[in-house]
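See structure below.
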Amino acid sequence: MFKWLHRFGSAPFVYRLATVVSPWLGFACLVIMLAGLYLGLIVAPADYEQGESYRIIYVHVPAAILSMFVYVVMAVSSAIFLIWRMKLADIVAQASAPIGASFTFLALATGSLWGKPMWGTWWIWDGRLTSELVLLFLYFGYMALRSAIEHPQGAARAAAVLAVVGVVNIPIIHYSVEWWSTLHQPATITKIGKPTIHRSMAIPLFLMIIGFQLLYAYVLLLRTKIGILQREGRAAWVAQLPEMSRV
Amino acid sequence: MRSPDQHDPEVSGSQALASNGDAAMGILSLLVMMCRRELLVAIRNPGQWLNPVLFFVVVVSLFPLGVGPSPATLALIAPGVLWVSALLAVMLSLDALYSSDFADGTLEQYVLSGQSLSLIVLAKVLVHWMLSGIPLLLLSPLLAMLLHLPGSAVGVLMLSLLIGSLTLSLIGSIGAALTLGLNQAGVLLSLLVLPLTVPVLIFGSAAVSAAASDLSATGQLWLLAALLALAASLAPLTAATALRNGVASNP
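Chains as they are written, first to last, in the working numbering: chain A, 3 to 249; chain B, -13 to 237.
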């Protein structure tokens, strides 16, 4: 039953799959993000309270969701690497780290830009912002530990342990707006029951979230290909790749 | 790099473990044996555990010099200052948790011995806490007085440091295991561990602040205890995994 799953442990298979799939992901990402941006920036009406400046939500919320999603992907693939010693899982984790750090930074920066006109401050030490900042530090720590240890296998396992330990921060970020009083907006789309956002604003938001997910998938596949080449560069199947004939 | 302790059969842990043959030692006997060994080594090297305590005192003394001597301001920032200084002092001392054992090969013997590595880690962390966390909390009333912290908060300060410093040592042991044998281990260890210790810091200083305002600190203290339970159960296992990896990749 798991024979199809074992194929994902094979570097040539994943490389070829990534080569075939990634252009489609990139194209879909472009189309959906353009649609989302058009609907969000031009078609959606102004907010009754915040006016036009609420529109940064279309970048801020997807970036924040992705920052947490990428960390969970990193932690899960690190766990897979530790338990089943699947090298490709470690390649995926290593490839995801800079992408996740970028999304986290983007979420913090766009949130700060939104906060100044809305709350009157660039920053506040409430639960959500603090735990999102801690997430950024966790990403940096992962990348720092990775580069500090010379032995590649040792570095991979140590970083994997760190990634799994840090996943405890993700529920803290998510539930921080429920547990502590905060300036930050509470949950609007993951609530059970009637969501508190109007459909005309919700649709572009969902489109942007999907677009960001596709962007992550696209960049992840590219970086995974690079990671595979870095580790298996001398293998026979690499020399037979079509792109190698151009080198 | 042989220390004089290496020839002392009580202290040469590897000999004691090996003499038990292939039998796995009982939990309590392993714990007691390792604690005795660690205490003996530490008592013979007083500098190792004295320095963080002095660091704590010096750092706390720097804040009035930097912020200004006004008692009202100092009393306001005292909970946070005391807690952050304690946190930094514990982080500073964690560097030495595994380094000397790693340098002379004892750590490798522990890993190879087949005994429960997480129990060995727990013993090391307990002794480390006894020698760094406990002196910190014994000194804290004196430093609280220096920062004009209201007397009502001193009891809560000591209790929160008692629970919190053990949690910090446990979480820090994971970081120390991950950065085994590295050049700038101390700085990298702090970078890795400090984000994970943020909840302990927040609840610890919140407890002291609440007590300073004559409010109840029970909620924060219970949460600190919960964090300790989480760390005590998971940290030794994680640190043991990281140690195995560190020893294997650093021949």
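Even glycine gets a Cβ: it sits at the ideal position worked out from N, Cα and C. Only a predicted model underlies this, so the values are computations on that prediction, with no experimental measurement involved.
- Counting along the chain, residue 161 of chain A sits inside the alpha helix (DSSP H) bounded by residues 154 to 168.
- Residue pairing for residue 53 of chain A: DSSP places it in a beta bridge opposite A:49.
- A contact between stretches requires three or more CB pairs, one per stretch, nearer than 8 Å, and the region 101 to 108 of chain B fails this requirement with the region 174 to 190 of chain B.
- For residue 148 of chain A, the enclosing alpha helix (DSSP H) begins and ends at 129 to 150.
- In this structure, B:198 is the residue among B:198, B:219, B:111 and B:68 with its C-alpha nearest to the C-alpha of residue 137 of chain B.
- In this chain, the alpha helix (DSSP H) harbouring residue 26 of chain A covers 13 to 40.
- The beta carbons of residue 101 of chain A and residue 177 of chain A sit about 24 Å from each other, so the pair does not count as a contact at 8 Å.
- The region 69 to 125 of chain B is shown to contain whole alpha helix (DSSP H) runs of 4 or more residues at 85 to 89, 92 to 98 and 103 to 114, in chain order.
- Not flagged as an interface residue toward chain A: residue 204 of chain B, since no C-beta distance is shorter than 8 Å.
- Under the three-state reduction of DSSP output, residue 59 of chain B falls in the helix class.
- Between the beta-carbon of residue 162 of chain B and that of residue 80 of chain B there is about 5 Å, and that keeps the pair under the 8 Å contact cut.
- In summary, the residues of the region 174 to 203 of chain B whose CB is separated from some CB of chain A by less than 9 Å are 174, 177, 178, 179, 180, 181, 182, 184, 185 and 188, in the order they occur in the chain.
- Residue state for residue 32 of chain B is assigned as helix, using DSSP reduced to three classes.
- Along the region 134 to 187 of chain B, the alpha helix (DSSP H) occurs as fully enclosed runs of 4 or more residues at 140 to 164 and 171 to 182, listed in sequence order.
- Residues 140 of the same chain have their beta carbon placed closer than 6 Å to that of residue 127 of chain B, with the five preceding and five following residues left out of the count.
- Sequence-distant partners of residue 234 of chain A (beyond 5 residues in either direction) whose C-beta falls short of 8 Å from its own C-beta, in its chain, are 13 and 240.
- For residue 136 of chain A, at least one C-beta of chain B is nearer than 8 Å to its own C-beta.
- Taking residue 63 of chain A as the centre and dropping the five residues before and after it, the same chain places the C-beta of 207, 210 and 211 closer than 8 Å to its C-beta, in chain order.
- Distance from the CA atom of residue 203 of chain B to the CA atom of residue 76 of chain A, rounded to whole angstroms, is 37 Å.
- If you compare the alpha carbons of B:54, B:84, B:32 and B:18 with that of residue 225 of chain B, the shortest gap goes to B:84.
- For the pair residue 137 of chain A and residue 247 of chain A, the Cα-to-Cα distance works out to about 42 Å.
- Around the CB of residue 92 of chain A, 16 or more other CB atoms lie within 10 Å, so the residue is classed as buried.
- At least one C-beta of chain A is nearer than 8 Å to the C-beta of residue 235 of chain B.
- Residue contact with chain A for residue 160 of chain B: present (Cβ-Cβ distance below 8 Å to some residue of chain A).
- Sequence-distant partners of residue 233 of chain B (beyond 5 residues in either direction) whose C-beta falls short of 8 Å from its own C-beta, in its chain, are 88, 93, 94, 97 and 166.
- Contact note: residue 227 of chain B reaches chain A through 84, 159 and 163, using a C-beta cutoff of 9 Å and chain order.
- Residue-level contact check: residue 155 of chain A touches chain B, since one or more beta carbons of chain B fall below 8 Å from its beta carbon.
- For residue 115 of chain A, the closest of A:9, A:205, A:57 and A:152 by C-alpha to C-alpha distance is A:57.
- Sixteen is the threshold: since fewer than 16 other Cβ atoms of the shown chains lie within 10 Å of the Cβ of residue 198 of chain A, the residue is exposed.
- Of the residues A:153, A:36 and A:229, the one whose Cα lies closest to the Cα of residue 237 of chain B is A:153.
- Annotation for residue 199 of chain A: no alpha helix (DSSP H) segment contains it, and DSSP assigns it neither H nor E.
- Per DSSP, the unbroken alpha helix (DSSP H) holding residue 224 of chain B starts and ends at 204 to 235.
- At a cut-off of 8 Å between beta carbons, residue 102 of chain A makes no contact with chain B.
- Judged by pairs of C-beta atoms under 8 Å, the region 40 to 49 of chain A does not touch the region 115 to 132 of chain A, as fewer than three such pairs exist.
- Burial check for residue 236 of chain A: the Cβ neighbour count within 10 Å stays below 16, so the residue is exposed.
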